[in-house]
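As structure tokens, the structure follows; a few thoughts come after it.
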Ligand code: ADE
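Residue numbers (UniProt numbering): 2 to 232.
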């Protein structure tokens, strides 16, 4: 069966997966530990990429090259951008865009990568559908399929949030998903990013992030748990 790669950026985001693995052996590459084994009987590699786009990109390429994963799932927390989203709610990536890619002085819209056909990296339709099914099965989970914006910035400003919503059609903001998405696109590997809201990327974001990251990570993990069993 096909190997499933699962990435989180922080310990809180991967600890439940690691705890649920059987027969895990750990391989370290480029400073990142890859746990290879099974989760609910399915062959998986779970790793903590570290924070930010470079860590996420390197980790994703290693999962593909060294471990031959056929799918990549990302699990973690994000700041809500869509006004209907609250802390604890889930965003399933429709597509992912790098909000800090800014070549506007040369006439490119924010998020557009110059000299490249695609800058909005679309998640796999069947992985999106499975994630939606997971949200329904868990019940009372408010979940949206929407655009995930990523950048190497922790956003804590309402003006930035409205700009992301109005000009970039973002549902939530985080720091890794679009890097994973671009690397998967470059390699023709299907992916989906699942994010549970830890904060609203506003003036209270630092406090909310500290308070809700564990609970929100648990929610995101519950979605992954449902999905892996059915892959
Ligand atoms: N991850 C969780 N909350 C975030 C925020 N406000 N900005 C960027 N990444 C986040």
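A virtual CB, placed ideally from N, CA and C, is assigned to each residue, including glycine.
Given a threshold of 16 other Cβ atoms within 10 Å of its Cβ, counted over all protein chains shown, does residue i qualify as buried or as exposed?
{"i": "residue 107", "result": "exposed"}
{"i": "residue 31", "result": "exposed"}
{"i": "residue 1", "result": "No statement about residue 1 is possible, as the shown extent of the chain runs from 2 to 232 and does not include it."}
{"i": "residue 175", "result": "buried"}
{"i": "residue 231", "result": "exposed"}
{"i": "residue 87", "result": "exposed"}
Looking only at its own chain, which residues have a Cβ that is under 6 Å from the Cβ of residue i, when we skip the five neighbours before and after it?
{"i": "residue 81", "result": "173, 198, 201"}
{"i": "residue 214", "result": "13, 78, 199"}
{"i": "residue 56", "result": "50"}
{"i": "residue 203", "result": "159"}
Report yes if the C-beta of residue i is less than 8 Å from at least one heavy atom of the ligand ADE; otherwise report no.
{"i": "residue 78", "result": "yes"}
{"i": "residue 92", "result": "no"}
{"i": "residue 156", "result": "yes"}
{"i": "residue 73", "result": "no"}
{"i": "residue 208", "result": "no"}
{"i": "residue 176", "result": "yes"}
Helix, strand or coil, according to DSSP, for residue i in the structure here?
{"i": "residue 201", "result": "coil"}
{"i": "residue 227", "result": "helix"}
{"i": "residue 134", "result": "helix"}
{"i": "residue 17", "result": "helix"}
{"i": "residue 129", "result": "helix"}
{"i": "residue 122", "result": "strand"}
{"i": "residue 68", "result": "coil"}
Only counting the same chain, and skipping five residues up and downstream in sequence, which positions put a Cβ closer than 7 Å to that of residue i?
{"i": "residue 67", "result": "30"}
{"i": "residue 146", "result": "93, 95, 129, 133"}
ask   = Enumerated in chain order, which unbroken segments of the beta strand (DSSP E) with a length of 3 residues or greater are wholly contained in the stretch 145–189?
value = Segments of the beta strand (DSSP E) lying fully in the stretch 145–189: 171–175.
Contiguous beta strand (DSSP E) assignments of at least 3 residues, all confined to the stretch 74–107 = DSSP runs (the beta strand (DSSP E)) wholly in the stretch 74–107: 91–99.
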